[in-house]
Amino acid sequence: MKTLRQYGMALGLAISLAPHPGYPFPCVRSGVEDAPRRGFHVNQERLREALEKLSEFGRPAGTGFEGGVTRVGFSEADLAAREYLMGLMRAAGLEVRVDPAGNIFGRRAGTENLPVILFGSHIDSVPRGGNFDGDVGSMAAIEVVRALNEHRVRTRHPLEVVIWTNEEGHHFGKGLFGSSAAAGLLAPEVLERRDEEGRTLAEWLRGYGQDPARFGEARIKPGSLAAYLELHIEQGAVLDEAKIQIGVVQGIVGINWWTCVATGFANHAGTTPMNRRQDALAAAARAALAVREEVRAEPGRQVGTVGYVKVEPGARNIIPGRVEFPVELRDLDAAKVERIWARIQKRFEQIAREENVRIECTPLSSDTPALTDPALRDAIREAARAAGFSTLDLPSGAGHDAQQMAKLAPIGMIFVPSRGGVSHSPREFTPWEDVANGAEVLYRTILLLDERLNR
Ligand code: GLV
Ligand code: MN
Ligand code: MN
Numbered sequence: 207m208k209t210l211r212q213y214g215m216a217l218g219l220a221i222s223l224a225p226h227p228g229y230p231f232p233c234v235r236s237g238v239e240d241a242p243r244r245g246f247h248v249n250q251e252r253l254r255e256a257l258e259k260l261s262e263f264g265r266p267a268g269t270g271f272e273g274g275v276t277r278v279g280f281s282e283a284d285l286a287a288r289e290y291l292m293g294l295m296r297a298a299g300l301e302v303r304v305d306p307a308g309n310i311f312g313r314r315a316g317t318e319n320l321p322v323i324l325f326g327s328h329i330d331s332v333p334r335g336g337n338f339d340g341d342v343g344s345m346a347a348i349e350v351v352r353a354l355n356e357h358r359v360r361t362r363h364p365l366e367v368v369i370w371t372n373e374e375g376h377h378f379g380k381g382l383f384g385s386s387a388a389a390g391l392l393a394p395e396v397l398e399r400r401d402e403e404g405r406t407l408a409e410w411l412r413g414y415g416q417d418p419a420r421f422g423e424a425r426i427k428p429g430s431l432a433a434y435l436e437l438h439i440e441q442g443a444v445l446d447e448a449k450i451q452i453g454v455v456q457g458i459v460g461i462n463w464w465t466c467v468a469t470g471f472a473n474h475a476g477t478t479p480m481n482r483r484q485d486a487l488a489a490a491a492r493a494a495l496a497v498r499e500e501v502r503a504e505p506g507r508q509v510g511t512v513g514y515v516k517v518e519p520g521a522r523n524i525i526p527g528r529v530e531f532p533v534e535l536r537d538l539d540a541a542k543v544e545r546i547w548a549r550i551q552k553r554f555e556q557i558a559r560e561e562n563v564r565i566e567c568t569p570l571s572s573d574t575p576a577l578t579d580p581a582l583r584d585a586i587r588e589a590a591r592a593a594g595f596s597t598l599d600l601p602s603g604a605g606h607d608a609q610q611m612a613k614l615a616p617i618g619m620i621f622v623p624s625r626g627g628v629s630h631s632p633r634e635f636t637p638w639e640d641v642a643n644g645a646e647v648l649y650r651t652i653l654l655l656d657e658r659l660n661r
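Heads up: the sequence shown begins at 207 in the numbering used here, then just goes up one per residue.
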């Protein structure tokens with residue numbers, strides 16, 4: 207068995223504290239931009255090919271790779287892509303199993319009786335998303351296994367690649383779905399949620415070959431994981447603008463979703479005087495602006511979004527009688543989110559009175575913020591530096607399955623740059639060299655942890 211020492215890790219470089227201009231979180235930066243690249247273990251071309259192939263599942267008709275992807279969790283495209291991935295995993299010698307939440311695991315045995323080092327990401331996308339969000343971490347996890355096989359490296363810990371189900375949560379309104387189930391955070395009632403076609407989540411899971419009655423068994427036993435690692439694109443512009451190759455994630459924001467409905471009275475748009483209307487859309491529009499104002503009302507990096515409106519009846523000559531809109535709030539500090547939400551609710555009450563409508567909001571999903579583990583951050587930084595990459599410590603404004611795994615194990619996340627900070631868009635792009643850099647750091651970090659963790 208080769209150990210990491212045999213790979214000649216160059217450690218001990220000085221860390222300088224240099225906040226990135228215009229970025230409110232403190233960023234810890236280490237400079238090794240000019241260090242020569244050492245030999246790669248992962249294969250960049252093979253990784254690129256796998257990602258290009260994956261992009262075909264859910265590709266919009268008449269477009270190419272640049273056209274992005276719509277591979278929403280629990281869709282036919284998702285189902286087909288999962289089959290493709292399971293094939294790759296088996297070909298890499300992994301023992302594949304699917305849990306009752308649809309999460310795919312591929313196991314590579316260790317040489318000792320130790321808990322699992324788990325790593326992976328997701329392959330579902332948002333509607334009209336890009337080909338890097340989740341895909342990079344998923345395919346890189348498989349590439350790492352192929353590289354370990356090629357280099358005949360055995361690890362002490364068993365390794366498992368995981369592909370989480372429905373991370374984006376576009377379908378069924380529950381983001382981080384698979385990892386939440388694995389962390390034991392979901393009550394079985396979630397299985398009764400219906401999609402727009404009236405199909406329940408339980409029915410979809412049956413289509414994934416699962417028995418919804420066994421949903422609770424998706425829970426990963428506490429103590430069975432030594433660590434969880436996830437490689438992901440940054441989805442923001444910090445690394446790209448600072449020209450840093452590897453991000454070491456400090457923590458992941460909490461994400462809170464509500465569904466709100468403004469109910470007025472649908473009436474004739476020509477005959478109802480302006481002062482006698484109960485216009486649900488006018489109220490929803492004011493509510494969306496109130497969300498923005500309250501989120502901006504205190505300093506910090508918290509964000510709030512109203513991402514759609516569904517207007518009924520939805521005709522030019524009818525005053526809107528009902529409008530559904532979501533509210534999403536995110537921050538690393540859960541108390542701050544609570545405070546802002548309390549203010550937003552007060553504003554909604556006032557708007558409802560003034561517009562003579564009702565506004566009612568129902569909580570849909572709440573995922574708590576999570577910090578990454580200092581020892582895993584150190585390992586990622588050391589692995590990156592040994593490979594000759596520059597690093598920067600930064601927080602994640604996007605949600606990740608890692609935050610649910612933090613309930614079960616120490617977590618670490620590796621970021622690679624997103625060009626222009628564009629994500630959840632077909633224009634999402636990460637240069638192939640950067641994708642491979644991330645995979646190489648994942649490879650080296652796994653081996654470092656295998657050497658260091660004794661549980
Ligand atoms: C997941 O990508 C999220 O942050 O919404
Ligand atoms: Mn995403
Ligand atoms: Mn993602």
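Even glycine gets a Cβ: it sits at the ideal position worked out from N, Cα and C.
Check, Outcome
"Cβ-heavy atom distance, G605 to ligand 1, below 6 Å", "yes"
"Own chain, CB closer than 6 Å to V509, minus 5 neighbours either side, in chain order", "R536"
"Strand pairing of G312, partner residues [DSSP]", "V302, V367"
"Within 7 Å, strictly: CB atoms of A424 and I565", "no"
"Start-to-end residues for the beta strand (DSSP E) that takes in G457", "452-458"
"Collapsed DSSP secondary structure at G472 in the structure displayed", "Position check: residue 472 holds Ala in this sequence, whereas Gly was assumed. Three-state DSSP puts A472 in coil, outside helix and strand."
"Alpha-carbon to alpha-carbon, R625 and V455", "18 Å"
"Cβ-based burial, T651 [other Cβ within 10 Å; buried from 16]", "buried"
"Delimiting residues of the beta strand (DSSP E) encompassing E392", "The sequence shown places Leu at residue 392, not Glu. No beta strand (DSSP E) holds L392; DSSP gives it neither H nor E."
"Three CB pairs or more closer than 8 Å across the region 354-373 and the region 257-275", "no"
"Assigned exposure category for K427 - 16 Cβ within 10 Å defines buried", "exposed"
"Sub-7 Å separation of G316 and T361 beta-carbons", "yes"
"Near ligand 2: D339 beta-carbon under 6 Å from a heavy atom", "yes"
"Three-state secondary structure (DSSP) of K449", "coil"
"Per-residue burial, E588 [other beta carbons within 10 Å of its own, 16 or more giving buried]", "buried"
"Reduced DSSP category for Y414 - H, G, I as helix; E, B as strand; rest coil", "coil"
"Three or more C-beta pairs below 8 Å linking the region 496-508 and the region 529-543", "yes"
"Per DSSP, the bridge partner or partners of Y434", "L324, I617"
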